[in-house]
Every structure is written in structure tokens, then in C-alpha cells.
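S.K.: Listed in order, the protein sequences are those of chains Z and G.
For the first sequence, the positions run 0 to 753 when numbering that gives the first Met the number 0 is used.
For the second sequence, the positions run 0 to 161 when numbering that gives the first Met the number 0 is used.
Submitted below is the structure of interest, expressed as C-alpha cells.
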Amino acid sequence: MNAKRPVVPLLCVVACALVLSSCLGSSSTPSTPLAVEFSVAPPLSDPLGTTFQVAAEVSNGSSVNWSCTPTGSCGSFNPTQTGSGTATTYTPPATVPPDDGAVTIMAVSVQDSTKEASANVTITAGGTINVTFNPPAPPPTLATSTSASLSATITSTVTNAVSDGITWTATCTNSAGAGCGSFSAAQTSSGGTTTYTSPTAVPAGGLNVTITAASTLDTEDDVTAVINVSTTQTSAFLCANCSYTYTVSGTEVSTGYPYTLAGVFTTDGNGDITAGEQDFSDYKFTTGNTAADTIEPGSAGISGSIYQFTADGRGMLTVVTNDVNIGISNGLTGTETFAVAFVSGNHALMTEIDGFATGSGSMDLQTVSSFSTSTLSDGMASNGFTFVVGGGTFSELPFAFGGVFNVNSQGTVSGTGSTADINSGGTVAKQQTLTSSGAYTVEDQLGRIQITLMSSAFGSVGLTGPMILNGYITDATHVKFIEVDTNVGVSAGLAIGQGAMTGTFTSATVLPANASYVFTAFGSVPDGAAALATTFTSDGVSKLNNGSSDVNESGVPTSGSVTGSYSVDSSGTGRVGISIMGNTIVGNPGTADNFVVYLNGGSDPPLALELDQYGVTTGNLFSQSGGPFALTSFQGNYGLNYTQFAYDAEAEEYVIESDTSGQGLADGAGNLLGTLDINYPGAPEPDQIFTGAYSASSSGRFTGVLTSSAYEGLFGTETLNFSYFVVSSSQVVIIETDDEAVTLGLFQLQTPPF
Amino acid sequence: MKQRRALMTAVCSVLIFIFTLCSILAPQSFAQSQAPTAKNAPGMYDSTKEVVLNGTISGVVARPKAGLPLGLYLMLTTTQGQVAVHLGPYYGRVAAEKGLVTGTTIQVRGVSTSFAAGEIFLARTITVGGQTLTIRSQNGFPVRPAANGTRGAQGTQATGGQ
């Protein structure tokens, strides 16, 4: 009985509780979880120096603590604790936090630290901050334990952006423990200088170090350059016991007449040329079909044939020959001086930069060491070579001669599979016969050959053949040719092998649908000189579409659209006829400009020549890749070369030719900085600083300027306008688009070590 | 340099005036001398449209206004008006020694060609003092004046980057 007594009142209590609970409902349930919410939310972004208010409510009316991440660089709150619904003031940090300024703001319940509200805020600089390198640009190469002076400038209206200065960093991967190098000062003022010293050791093959100059205020605003650190000293850019073929064409200063040269030399890897030979040809002194000139060896890098380079891949090459006709106008008999800009260890761009002549060309590492008539047949019974040589005829006409010559294993040019085209002063002959007179001769073991080309093309345009070419073999598919006869004229050019593709080119395999191209042409027109650069795409059948071109005809620049068509020779030679209309050299939108392009099946841009009466021009068809294009498509260190036909404001006369080579850094943000080696005829100007600017277009046709105080002397202005046609991130064609000069040139991405 | 700039500014001012005058006068004069043939487009030289002009050199211009091709010009006063005769790129150094100076009477064979900035006359041959100078080839390509000791030739194919 006693045991049952407590049960009744307990049941009553429970029953009452249930009734009371049902009467009050769930809204007043004491077990509701604590919640924190922003009552005044922070903004999505906040410029440096700008405070804002933020508040949070807690469901039970308690207080919150304010905090943020990344800790230490995210800013501050005042006060750091507020009551529910009471605002605090957030002050951003002095500099933009890392990770693009991302900051997380948190209001954490004092009562329960697991309850919080958070929001992301991007801290911005509040304006544009531009960082650019000052000259000289960071070099693309450095030897180990070598220093380079670096400087950068900030331009900005953002408060403290300039005064906070530059933060320098060097980053790399796989440094093999030796680090990425160091700076004498990791923090400089805007415009201040720091010295970068490369690491003491690098892995085999070198180490790519990315140098970053960043705004200290906002490290996301920066400019970068890559330095290849290797054990190679600049004197070894031309390696020991290596041979290089080279060719240069241009204009003699004293006569204003064209000249060409081609040759080969061997280097000691320490500043001296040890041996070599060269052919030289011009109107006045051409020696015809005679022995090559001898290149005299250098001595301790001081006298004779010598070379010297700098870390940016530029250098000077002095070639002393026994040819008394060279250099006679500037008193340096037999001596030529070339400015060289390395693109890779195998290839460099060249400009003759002395008082005797101005010209442009290239130099390539010779990779064949034993030569015979079978070298160019490359083990094949039939091996095609595309070629174009250009210059002036002895009958006073500009001319270009090109085609495909098919070498058989006996060292002769087979008429089968060979074809030739010629444009002599606007008189053209197409698809002419082409053979050689017997087997070509191998002159020596330096790689010099001589080939006599017979073609119906010569007689068709009133010329008398044959054309005798001396060639310098770079490898089994590349030959540099110079004409040495007294029949046709003064000319030079390149031959590019087709290899296994010989005879296989069909309309189904060339110019595939939607493939895009950059096409160039440069040469003589009735008004004087003309340059053309254009993009277009192929439809894979016969049409060329979507072209956008620049033409400069004797200082009259035009830009516009281009359309066209093409036809592929059915014989498989790789000869492709191209007709373009619109903004072209001919100057009449309704009249076609006709060209022929010789496909080589490899990575070399096919050679082209004009086949109509409107111009005698030559050029290339570049396959375009990497689009759609942006500013970053043009980024890195580039070797460059261009030829100009200009009016000389100082001499008040039309300059026949000026040539320039150099090296420049494109920062991928629209800025160029580098050094030019200019040959204004008779007045070489090496080591001239230049800057540049470019704006992007998705088509790859960029526009911009090049600026150098050196331009002032010739043009009367320091700034020239250019269009930049991006072939790929590694090649950019430039064409001048003002009335100062007719210019065409090329930027080629440097890939050290050299 | 400042003196040169001032000189250039003055020269340019004169040139601009001359070429402005030409742009007004030349179309009418060529219409009379060339009719009924059409003018060549820029960059074209059609020898079937050649005409002969007789006149007196009223000026030698080293640089035209923007929009016209670079090269040496003779301002030729004809009975139909003033004509800008374009000699091309190679005569800047030798025009005077060839007798192409102000006040000289010459005969010019060539064609008229139009640019957006005006009209010019591309000379193929010029007869001066009984001597005929070949300025351009039959197809219109500029010919270098013969220099002592040379074979004589014109035009070259520039490489423009390799």
C-alpha cells in the first residue's frame, strides 16, 4: 500500500505537464538551438583604406566576438566584441592579402563558440596598379653565380601603391637544393634597383627561375620574367668545334645596290672563329662562279674573326674574309660585322651592322659533319626541296625564283616532281620545268655545294639561265643558297626539304578546314616597297576566309579584311596557288593578289612568292596556333629582326634599307622592353633601349607601338606604330602601320640555353 | 636638332600647302590629259594607260604629305595644272646631278594613280636636256639610277626577318 502512494501524484504531474505543453505550443520550446546571423552584412569587396560597419544578431540576444582570416593579414575590428545587433567597424589591412585579397569575416557567439556567421570579402587595391621592368630587362640567361641588376617601376593612383614599393621574389622548381638565387634587396622602392645573383649550382640542362617584381601593396599586381640559369658562359653561346651556316641579304651603303652573302664558320666556344668560308655577291663586285672567300681565324677574341655575347642572347660577330671587295667603302677591307640575336642554341637572327652594308638574315648550327652528294637525298631515291631565292636581275629588275627541286640519290635534280615559278619585274612564268645540269658538286667538307639549275622559267621572262647556286648545308633538309653566276642576277634564299612528304601533297591533306594562318609578303611595287601581313582561315576545300590584314605600301598604311581562294597542284609537289582580295598589295579591293606557296610538310613556315604584275614580293605562310589570343599569348623573351625601307628625315631622302635585330621581353600585359642593334645605313647604332606596347585581339592581330630614342635620328619621331600578328606564343610577325617606313619583321621566342 | 626640326616643320608646311594645291588642281588636269582612261588603283601600274606630260619643274619634294607614297617628287607645272610626279625611292641622291632641278623643262611618260590622300603621277621615263632617264621598268617597277662602276640594277627582295 505504501509502495503505491507516490504513483498517483507523479501521474498527475506528468498529465498536467502534457496538458500545459499542448496549450503553450512549440514556439516557446526552450530547446531551440542558438543562431547567429548578420543584421548588417559586410560588402562583397572593399578597397584598401576603406572601413565599413558590420553587425550580427544572436537568437538569444547574447554577444558576439569578431574575427577574420587569414590571421594577421585580414584587417581588424573595433570593438572586437559587440552585443547582438550592435555594429562594429572593420578596417582592412594595409596591403592586399594574399590569394587575390580574399578575407573571411566571422561573428562568433560568446555563449557558444560553435555558433557563428561568416562572409567573404575581397580586399582590393581600389584601382589599377601597373608594374613594369625598367631597362635593361632581366636577361633571359645567366651563368651560375652571376649577378644581374634589376629594376621595376609602379604606376598607380592607388594610395600607397607607389610609396610601398616593389617586392622581389625568385621561384623555381627542381633546383637540386641550390635554391633559386637571391636578391641584394628583396624590397625596393619603385624605380629602385636590386641585384639578383643566380644560384651556385643548377641541374643538368639548366634551371628556369621566375623573377617576380610585385607591388608590395598588392602582390597580385606584378610583372615576371624567366631567367634560364646554366653553367654556360656567354662566350660559349657558339659552342666549341661547332659550325654554323649563315646568310644575309641587304643593301650596300655606298652604292645603294643589293648584295648577298652566305657561308659557314667553325667556332672554338671561347670567342674565336677558327675557320670558314663565304660567298659574296653584289652588282659591282660579283665574282661569279669562283672559289669561296676564306674566313680568317680569330685570335684570343681580340683580332681576326671573333664574337662576343651578352646574357640576353645578343652579340656581335666579326667575320674577316680575304675578299677585298667587302668593306672597301668603310675602310675595313674584307671585314663584316653582324649583330646576332639568339633564339635557341641552334638558331639566331642576324643583321649586318657596319658602314659597308645593311642586311638581315639568320644563322643556324650545322648538324651534319660529313657531306656527299647523298646528303640531300637523305637516303631516299626522291627527296623534294622547296626553295625561293630573291634579289635583282642583271637586267635591272627585282625578281624572285622559287619552286620544288627533286633530288635523287645520285645528287641530281630530277625533272620529275620538280617545278619552278618566277616573277621578274612583274612578268611571271608559272609551273616551269626544273632540272639540274648533272650532279651537284660537293665543294668541301664544310658543307658547301654547287648546283646548276636549268629551267624554262628564265627564258619565259626574258632571262638567260642557268642559275648557279652555291649552297651551305645546315642539315639534310635545310640549305642556304646564294647565286654565284653571271647570268641572272644577285640573289639568295633558302631551301627546305620535304622529306618523306615528297610528292604526297594533295588537296585533301593540305590547308585543312578551319585551320588559321598568318601570311606575309615583302618586296618591290611600282610605288617603291610594300609589306603585307594577314590572317585567314581555310575551308579545307578552296576558300580562304576571315582574313584581317595590314598593308604598308611605301608609307601608306591600310588595314582591312581579306578573302581568297587556293588551289593545290595535283602532281603532289606541295605547290599551292593562293589568291587574296580586299586589303592587299594591289590596292584595288576587286583585284586579286596572286601568290604561290611551297609546302614542306615540316615545322618550317612554307616559302611564298608573288606571281602577278603588281609586286615582286616574297614571304611565308605561317600556321597559326594557340587562339583565341590574349595579351598573354605574347609573353616571354624574344629575339627579333626587321627590315625597314624608310624616309630619312635628317638626310631628307628615301633610305634604301635599314635593318635591326635585338632582344625584348614581352610581359604578357601589353608591354615590351628590350635592346635593339640598328644599322641605319652607314651609321650603326647598337645597344639601343626600346619599349613597346600592344593590345590584344582574339584573332591574333594585335596593335601597338615600338618606342626608342634611336628612332628619332632617322624618323624624326621616337614612336612607330605596328601591328603584331601572333602566329603562336613563340612567333609574332610585325608590320609597321604608319607613314614613316615600310617594315616587316619577326619576333621569335627565345628558348635558352643558347 | 632644334634647327633641323624647325627647318623640317617649315618644309613640311610648304609641302602640305603644295600637296593641298595639287589635290585640288591635279584631278582636273589629269582628267583632261588622260581621258577617257581610268586611273590606276594604288600599287598598280598599267602601261596601257601611259600618257606623256610636258612641263616645268616648280619644286622638288623629298617627302610628301601623309597618305602618299614615300619617295622623291617633282612638282611639275603643265598647261593643265600642277602634277606631283613620283620618281620612287632611288632618285633622292642623284636627282640634281641628273638635271632634275627647279626651273627645268622636262617630258614625263607614265601613269596616274590615285590614293585616298590624293593623286600622283608615276614616272616611267623622263626626258631632260635631251637625255632620257629610265625611272621605272615597263611594268612600273622603280629602276635604280646607274652608278659608276656598277652593272646597274634595281630592286631587291628584302628578308624582313628570318
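Note that beta-carbon positions come from the ideal geometry of N, C-alpha and C, so glycine has one too.
1. On a Cα-Cα basis, can you pick out the residue from Gly205/Z, Ser242/Z and Thr211/Z that is closest to Thr231/Z?
2. Output, in sequence order along the chain, the residues in the segment 422-443 of chain Z whose CB is closer than 7 Å to any CB in chain G.
3. When you check each C-beta in the segment 378-396 of chain Z against every C-beta of chain G, which residues fall closer than 9 Å?
4. Short of 7 Å Cβ to Cβ, which residues in the segment 731-744 of chain Z face chain G?
5. For my contact list, Phe753/Z and Gly312/Z are in at a C-beta cut-off of 8 Å; report their separation, rounded to the angstrom.
6. So what's Lys64/G in DSSP terms, helix, strand or just coil?
7. Is it buried or exposed, Leu745/Z, if we count other Cβ atoms within 10 angstroms and call 16 or more buried?
8. Count the C-beta pairs between the segment 394-403 of chain Z and the segment 598-617 of chain Z that are closer than 8 Å, then say yes if the count reaches three, no if not.
9. Out of Ser162/Z, Thr736/Z and Thr674/Z, state which residue places its alpha-carbon closest to the alpha-carbon of Ala310/Z.
10. Measure the Cβ-Cβ separation of Phe457/Z and Leu468/Z and say whether it is below 8 Å.
11. Can you name the start and end residues of the beta strand (DSSP E) that Ser455/Z belongs to?
12. Between the Cα of Gln307/Z and the Cα atoms of Thr334/Z, Asn269/Z, Ser417/Z and Gly358/Z, which residue gives the shortest distance?
13. Using alpha carbons as the reference points, say which of Ser602/Z, Thr192/Z and Asp322/Z lies closest to Pro137/Z.
14. Do Thr103/G and Val84/G have their CB atoms nearer than 8 Å?
15. What residues match up with Cys67/Z in a beta bridge as DSSP calls it?
16. At a CB distance below 9 Å, what residues from the segment 397-416 of chain Z approach chain G? Give them in sequence order.
17. The beta strand (DSSP E) spanning Ala682/Z covers which residue range?
18. Does any C-beta atom of chain G lie closer than 8 Å to the C-beta of Asn587/Z?
19. What's the gap between the Cα of Pro134/Z and the Cα of Ser234/Z?
20. For Ser435/Z, collect the residues of the same chain with a Cβ closer than 8 Å to its Cβ; drop the 5 residues on either side in sequence, then sort them by chain order.
21. Are the segment 387-396 of chain Z and the segment 294-306 of chain Z touching by the rule of at least three beta carbon pairs closer than 8 Å?
22. Between which two residues does the alpha helix (DSSP H) containing Glu711/Z stretch?
23. Given a cut-off of 8 Å, decide if Gly84/Z and Ala54/Z are closer than it, judged by their beta-carbon atoms.
24. Since Asp769/Z is in the beta strand (DSSP E), which residue starts that stretch and which ends it?
25. Under DSSP, the alpha helix (DSSP H) around Val161/Z begins and ends at which residues?
26. Using the Cβ count rule (16 or more neighbours within 10 Å means buried), how would you classify Gly24/Z?
27. Please report the straight-line C-alpha distance between Thr199/Z and Thr374/Z, rounded to a whole angstrom.
28. Spatial neighbours of Thr166/Z within its chain, please: CB distance less than 7 Å, with the 5 preceding and 5 following residues excluded, ordered by chain position.
29. What are the boundary residues of the beta strand (DSSP E) that Thr135/G is part of?
30. Span of the beta strand (DSSP E) holding Ser423/Z?
31. Any idea what DSSP makes of Asp322/Z, helix, strand or coil?
32. Taking just the CA atoms, how far does Leu86/G sit from Pro68/G?
33. Please work out which residues of its chain come closer than 6 Å, Cβ to Cβ, to Leu316/Z, disregarding the five sequence neighbours upstream and downstream, and give them in chain order.
34. Within this structure, are the beta carbons of Gln80/Z and Asn64/Z separated by less than 8 Å?
35. Return the residue from the list Gly255/Z, Leu598/Z and Leu639/Z that minimises the CA-CA distance to Leu664/Z.
36. Under the DSSP definition of a beta bridge, which residues are partnered with Cys241/Z?
M.R.: Looking at the atomic coordinates:
1. Checking every option, the nearest Cα to that of Thr231/Z belongs to Gly205/Z.
2. If the cut-off is 7 Å between Cβ atoms, the segment 422-443 of chain Z has Gly424, Gly425 and Thr426 near chain G.
3. Taking a C-beta cut-off of 9 Å against chain G, the contacting residues of the segment 378-396 of chain Z are Val387, Val388, Gly389, Gly390, Gly391, Thr392, Phe393, Ser394, Glu395 and Leu396, listed in chain order.
4. So the list reads Asp738, Leu743 and Gly744, given in the order they occur along the chain.
5. A Cβ-Cβ separation of about 6 Å places Phe753/Z in contact with Gly312/Z under the 8 Å criterion.
6. Residue state for Lys64/G is assigned as coil, using DSSP reduced to three classes.
7. That one is buried.
8. Taking a cut-off of 8 Å for Cβ pairs, the segment 394-403 of chain Z and the segment 598-617 of chain Z touch, as three or more such pairs fall below it.
9. From the listed residues Ser162/Z, Thr736/Z and Thr674/Z, the smallest Cα separation to Ala310/Z is found for Thr674/Z.
10. Not closer than 8 Å, so no.
11. Looking at the DSSP string, Ser455/Z is not in any beta strand (DSSP E); the run it does join, the alpha helix (DSSP H), is Ser455 to Ser459.
12. Sorting Thr334/Z, Asn269/Z, Ser417/Z and Gly358/Z by C-alpha distance to the C-alpha of Gln307/Z places Asn269/Z at the top.
13. Of the listed residues, the one whose Cα sits closest to Pro137/Z is Thr192/Z.
14. Between Thr103/G and Val84/G, the C-beta gap is not smaller than 8 Å, which leaves the two residues out of contact.
15. By DSSP's assignment, Cys67/Z forms a beta bridge with Ile104/Z.
16. Correct list: Pro397, Phe398 and Ala399.
17. Element bounds for Ala682/Z: Ala682 to Ser694.
18. Contact of Asn587/Z with chain G is assigned, a C-beta pair being separated by under 8 Å.
19. One C-alpha to the other measures close to 23 Å.
20. So the list reads Phe404, Thr411, Val412, Ile450, Thr451, Leu452 and Met453, once near-sequence residues are dropped.
21. With contact defined as three or more Cβ pairs closer than 8 Å, the segment 387-396 of chain Z and the segment 294-306 of chain Z are not in contact.
22. Its alpha helix (DSSP H) spans residues Tyr710 to Phe714.
23. Yes, the Cβ-Cβ distance between Ala54/Z and Gly84/Z is below 8 Å.
24. Here chain Z covers residues 0 to 753 and nothing more, so residue 769/Z does not appear.
25. Ala160 to Asp163 is the span of the alpha helix (DSSP H), which, as asked, contains Val161/Z.
26. Reliability fails at Gly24/Z, whose pLDDT of 41 lies under 50, so the model's placement of it is uncertain and the value that follows must be treated cautiously. So Gly24/Z ends up on the exposed side.
27. The C-alpha of Thr199/Z lies about 43 Å from the C-alpha of Thr374/Z.
28. Excluding five sequence positions before and after Thr166/Z, the CB atoms of its chain that fall closer than 7 Å to its own CB belong to Ala185, Gln186, Ala213, Thr215 and Thr218, given in chain order.
29. Residue identity check: residue 135/G is Arg in the sequence provided, not Thr. Run containing Arg135/G: none; DSSP gives neither H nor E here.
30. Per DSSP, Ser423/Z belongs to the beta strand (DSSP E) from Val412 to Ser423.
31. When DSSP states are grouped into helix, strand and coil, Asp322/Z belongs to the coil group.
32. Each residue's Cα considered, the two are about 10 Å apart.
33. Cβ neighbours of Leu316/Z within its own chain (closer than 6 Å, five residues either side excluded): Tyr306, Phe337 and Val339.
34. Yes.
35. Out of Gly255/Z, Leu598/Z and Leu639/Z, Leu639/Z has the C-alpha closest to the C-alpha of Leu664/Z.
36. Note: Cys241/Z sits in a beta bridge opposite Thr266/Z.
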